[in-house]
Amino acid sequence: MDSWMFFYTIIWFFSLLLSGKDVDSCLNPNIFSDHAIQAFHTEAGTVWFDQNKCDEVILLDRDIYKVHQFKKKGYNKIHALLVEPNWVYHFALKKFVFKNRALFSKILTYDCDLLQLDPKKFFFIHPCTTRFITQEGIFKKSKMLSMILSGKKMCEMHLFREVVAQKFERYIDLLKPGYLRVENLDDYFTDVRYSIQIENCIQENYFTEKLLDCFKTGTVPIYRGCSNLEDFFNMEGVIPFQTIEDLEKILPNLSEADYEKRLCAIHDNFNRAKNYPVTYMEQGKYQTDYYKKVLDILNEP
């Protein structure tokens, strides 16, 4: 990573850690220092509840440090939901969770190191993902390859994505430049056989809509990300890669015949992807099946 980008990432990281507000402010969506987050909750129609009338509390990554405050308020059931990948919070967060795990009733995570500590305290949940497609199915394809850029430059994988797009643009039929708002990305999946998808980090158990949106539209991901993906999906329907050199060998050999050979695995992954609830837009409001899964785990004896 370039030195200036590393510096920028560090500044961004600490701005996240320092921007948290007091827990008593959580009834007001304007507490967020990030205007994009404010806009998200306003558009999503978020309903804010009086925390003093709640029986249990779920703290997400950046808020788990407030567990002591909630303990002082008399809450007996405080849970942690760790959804961010390693590159965002990682070491400080994991150290805090390890040291203070007795304060939480249940800790939901996909982090392998934490899951090995105590099966009665730590419970597996897959990463929270957002669906950017409105159509699902195995569609008839007329184009070969797509790629989507986020426009973000906050981590090494963001930068790598830009390099890949520039170097291999000649192979890409549909290239989506960086975007800032949630958009309908159907065109970049439903009509293409393959899509280059690069996660923001390489981590066990970590995959996002970058992968699931491919599977839900019958698209084969050319994928760099989850290091144990074979534990979740049929790898005959995935083309993994790590380096630019890998792509130099892969992309010239993409073909309709190769895609047809993978159809059994494509259908298999389409069905497997249904097991992972997501957040999505419906009738102008954000909806989520993910937190239903969270509640199912918390309600288990």
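Residue numbering for the sequence shown follows my numbering, starting at 430 and increasing by one per position.
All C-beta atoms in this analysis are idealised placements derived from N, C-alpha and C, irrespective of residue type, glycine included.
Give the secondary structure of F561 by DSSP, where H, G and I count as helix, E and B as strand, and everything else as coil. Numbered from 1 along the sequence shown, position 132 holds the residue referred to as residue 561. The answer is coil: DSSP assigns F561 none of H, G, I, E or B.
Starting from the C-beta of L724, find all residues in its chain whose C-beta is less than 7 Å away, skip the five residues before and the five after it, and write them out in chain order. Within the sequence shown, the letter at position 295 stands for residue 724. Closer than 7 Å at Cβ, skipping near neighbours: no residue.
Distance between N682 and F568 (C-alpha atoms, nearest Å): As a first step, residue 568 is located in the sequence shown; it is residue number 139 there, counting from the start. As a first step, residue 682 is located in the sequence shown; it is residue number 253 there, counting from the start. Whole-angstrom Cα-Cα distance: 21 Å.
Pull up the CB-CB distance for L603 and Y705, whole angstroms please, since I reckon it's below 8 Å. For the purposes of this step, residue 603 is taken as residue 174 along the sequence shown, with counting starting at 1. For the purposes of this step, residue 705 is taken as residue 276 along the sequence shown, with counting starting at 1. Between Y705 and L603 the Cβ distance is about 25 Å, and since that is not below 8 Å, they are no contact.
So Q595 is in the alpha helix (DSSP H); what residue range does that whole segment cover? Stepping through the sequence shown from its first residue, residue 595 is reached at position 166. Start and end: 585-596.
Which residues does DSSP list as the beta-bridge partners of F520? Numbered from 1 along the sequence shown, position 91 holds the residue referred to as residue 520. Paired residues: none, contrary to the question.
Between M586 and the rest of its own chain, which residues show a CB-CB distance below 7 Å, the 5 nearest in sequence each way excluded? Counting from one through the sequence shown, the residue named residue 586 turns up at place 157. Only I627, E628, N629, C630 meet the Cβ criterion.
Decide yes or no for the touch test of the segment 645-655 against the segment 524-541: beta carbon pairs closer than 8 Å, at least 3 of them. no
What three-state label does DSSP hand P681 in the structure shown? Along the sequence shown, read from residue 1 onward, the residue named residue 681 stands at position 252. Helix, per DSSP.
CA-CA distance, Y662 and V649? Position 233 of the sequence shown, counted from the start, is the residue given in the question as residue 662. Position 220 of the sequence shown, counted from the start, is the residue given in the question as residue 649. Going by the sequence as given, residue 662 is Phe instead of Tyr. C-alpha separation (whole angstroms): 12 Å.
Per the DSSP calculation, K569 is bridged to which residue(s)? Position 140 of the sequence shown, counting from 1, holds the residue named residue 569. K569 pairs with nothing; no bridge assigned.
Shortest alpha-carbon distance to M573 belongs to which of L544, I601, H555? Within the sequence shown, the letter at position 144 stands for residue 573. Per the Cα distances, I601.
Quick check on I601: does DSSP put it in helix, strand or coil? Counting from 1 along the sequence shown, the entry for residue 601 is found at position 172. If DSSP states are grouped into helix, strand and coil, I601 belongs with coil.
Can you name the start and end residues of the beta strand (DSSP E) that Q626 belongs to? Mapped onto the sequence shown, residue 626 falls at position 197. Per DSSP, Q626 belongs to the beta strand (DSSP E) from 621-627.
Using the DSSP secondary-structure output, state which residues sit across from P650 in a beta bridge. Taking the first residue of the sequence shown as 1, we reach residue 650 at position 221. Beta-bridge pairing links P650 to S624.
How is E638 classed by DSSP in three states: helix, strand or coil? The sequence position of residue 638 within the sequence shown is 209, counting from 1. The answer is helix: DSSP assigns E638 an H, G or I state.
What's the call for E685, buried or exposed, on a 16-neighbour Cβ count within 10 Å? Taking the first residue of the sequence shown as 1, we reach residue 685 at position 256. Flag for E685 reads exposed.
Hey, could you find the ends of the beta strand (DSSP E) F551 is sitting in? For the purposes of this step, residue 551 is identified with residue 122 of the sequence shown, where counting begins at 1. Segment 551-553, the beta strand (DSSP E) holding F551.
Report the rounded CA-to-CA distance for Y719 versus V593, giving the unit in angstroms. Position 290 of the sequence shown, counted from the first residue, corresponds to residue 719. Position 164 of the sequence shown, counted from the first residue, corresponds to residue 593. The alpha-carbon atoms of Y719 and V593 are separated by roughly 32 Å.
Out of F552, L692, E638, which has the shortest C-alpha to C-alpha gap to L614? Taking the sequence shown and counting its residues from 1, the one referred to as residue 614 is at position 185. Ranking F552, L692, E638 by Cα distance to L614 puts E638 first.
Between which two residues does the beta strand (DSSP E) holding K506 run? One-based indexing of the sequence shown puts residue 506 at position 77. It spans 506-510 - the beta strand (DSSP E) in which K506 sits, taken as one unbroken run.
Roughly how many angstroms lie between the CA atoms of V707 and C483, to the nearest whole one? Position 278 of the sequence shown, counting from 1, holds the residue named residue 707. Position 54 of the sequence shown, counting from 1, holds the residue named residue 483. Taking the straight line from one Cα to the other gives about 25 Å.
Beta-carbon contacts of L544 that lie in its chain and below 7 Å, excluding the five residues immediately before and after: Stepping through the sequence shown from its first residue, residue 544 is reached at position 115. Answer for L544: T538, F551, F553, listed in chain order.
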